[in-house]
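Shown next, in structure tokens, is the structure this report addresses.
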Amino acid sequence: MWGQSALLTLPSGIWLDGKHYRAAALRPLTGEDELFMSALAASVSLPEQATILLARCVTALGSIAPVPTDVIAALPVGDREALLLTLRGLSYGGRMDGVLNCSHCNAKLDLDLHPDQLLLPPYDQPAPVYELTVEGVTVAFRLPTGEDETLAARLPIDHAEADLLRRCLVDVTPERAELSEALIDAVEQAMLDCDPQAEIVIDMHCPECGQAFSALFDTAQFLLREVGQRARQLYHDIHTLALTYHWREADILALPFQRRQMYLNLLDEGGTL
Ligand SMILES: [Zn+2]
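All residue numbers for the sequence shown refer to our numbering, where the first residue is 622 and numbers rise by one.
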């Protein structure tokens, strides 16, 4: 029933002191989360907002409970996408409506996505560090994390990518070897291959011009925009529920969205007292 938590196995998980943590538990968003997050939206970057949102709603990671914010920030990007998709489904239901512009003719296309369709199964052999050899140079790298994205968001765009890559390099052999362009490209591709959930690509077909195109789906952006919309409606919801049921504001804010919505729907159907 609504208000229950969700469990998922993260695509990669995180290694802390040699131990692998991969089982996550989430609770659904409440009105209080919606208000809190919408107040941050203007001043905090998107990756940081995602970290704060997940730190509120991820209730456990293996035996770690509560989960510190820096642990959420240190999760690989794909794990965070999987958590955000699960949180979206748990909080607001199975359907995600949106609008996308065709990259050929700019026509407005309706998006009808389901979080479950975008979730990949957990990876077979996740590792804290991966290795790759190109032209005699061996590079050990880790996957980019939320923290890397947060730092990248503070840099000018032409520096951000190189900086992120440098931070993810754990070791280069031989030492001081030149990192060729081919090697850098190969590492970037390998990072994606090792964490495919990090980049969600939607394949679209435009009914207007008949062309096919693909678009990147940013779960944090989608979900946080939606949270902002719910927050704007929230005082109206509180007013309606408080007037009818005489509940305290704090109790209404503590309801998960779908529970709040259920009572509002009942009132809409004519169930006024
Ligand atoms: Zn088109």
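Ideal Cβ positions, reconstructed from N, Cα and C, are used throughout, including at glycine.
With 16 other Cβ atoms within 10 Å as the buried cut-off, status of residue i
i      : result
Val760 : buried
Ser835 : exposed
Gly639 : exposed
Gly841 : A quick correction: the sequence has Ala, not Gly, at residue 841. Flag for Ala841 reads buried.
Tyr866 : exposed
Thr794 : exposed
Val688 : buried
Met622 : Because the pLDDT of Met622 is 48, which lies under 50, any placement of that residue in the model is unreliable, and the number read from its coordinates should be weighed accordingly. Met622 comes out exposed.
Tyr751 : buried
Ala833 : exposed
Gln810 : exposed
Ala871 : exposed
Gly699 : buried
Leu894 : Residue confidence is low: Leu894 scores 49 on pLDDT, short of 50, so the model does not pin down where it sits. No coordinate-derived value is stated.
Leu661 : exposed
Counterpart residues of residue i in DSSP-defined beta bridges
i      : result
Trp636 : His641
Gly719 : Leu732
Met658 : The partner list for Met658 (beta bridge, DSSP) is empty, contrary to what the question assumes.
Tyr751 : Phe762
Asp824 : Ser835
Val793 : Val760
Ala681 : Ala646
Length of the line joining the Cα atoms of residue i and residue j
i      : j      : result
Pro742 : Leu631 : 9 Å
Ala695 : Gly891 : 48 Å
Ser633 : Pro697 : 7 Å
Cys723 : Leu730 : 7 Å
Glu847 : Tyr713 : 9 Å
Ala783 : Met812 : 14 Å
Asp814 : Tyr642 : 21 Å
Leu864 : Ala644 : 41 Å
Gly715 : Glu799 : 48 Å
Ala703 : Glu829 : 32 Å
Val791 : Leu888 : 58 Å
Trp636 : Phe762 : 14 Å
Within 9 Å, strictly: CB atoms of residue i and residue j
i      : j      : result
Gly849 : Met658 : yes
Asp654 : Leu674 : yes
Pro877 : Leu705 : no
Leu837 : Val822 : yes
Thr707 : Pro736 : yes
Ala807 : Leu753 : yes
Glu768 : Ser801 : no
Arg701 : Cys678 : no
Leu874 : Gly652 : yes
Ala781 : Pro668 : no
Thr680 : Ala671 : no
Pro749 : Asp816 : no
_Chain-ordered list of residues that sit, by beta carbon, closer than 5 Å to a heavy atom of ligand 1_ = Those residues that have a beta carbon less than 5 Å away from any non-hydrogen atom of ligand 1 are, in order along the chain, Cys723, His725, Cys726, Ala728, Cys827, Glu829 and Cys830.
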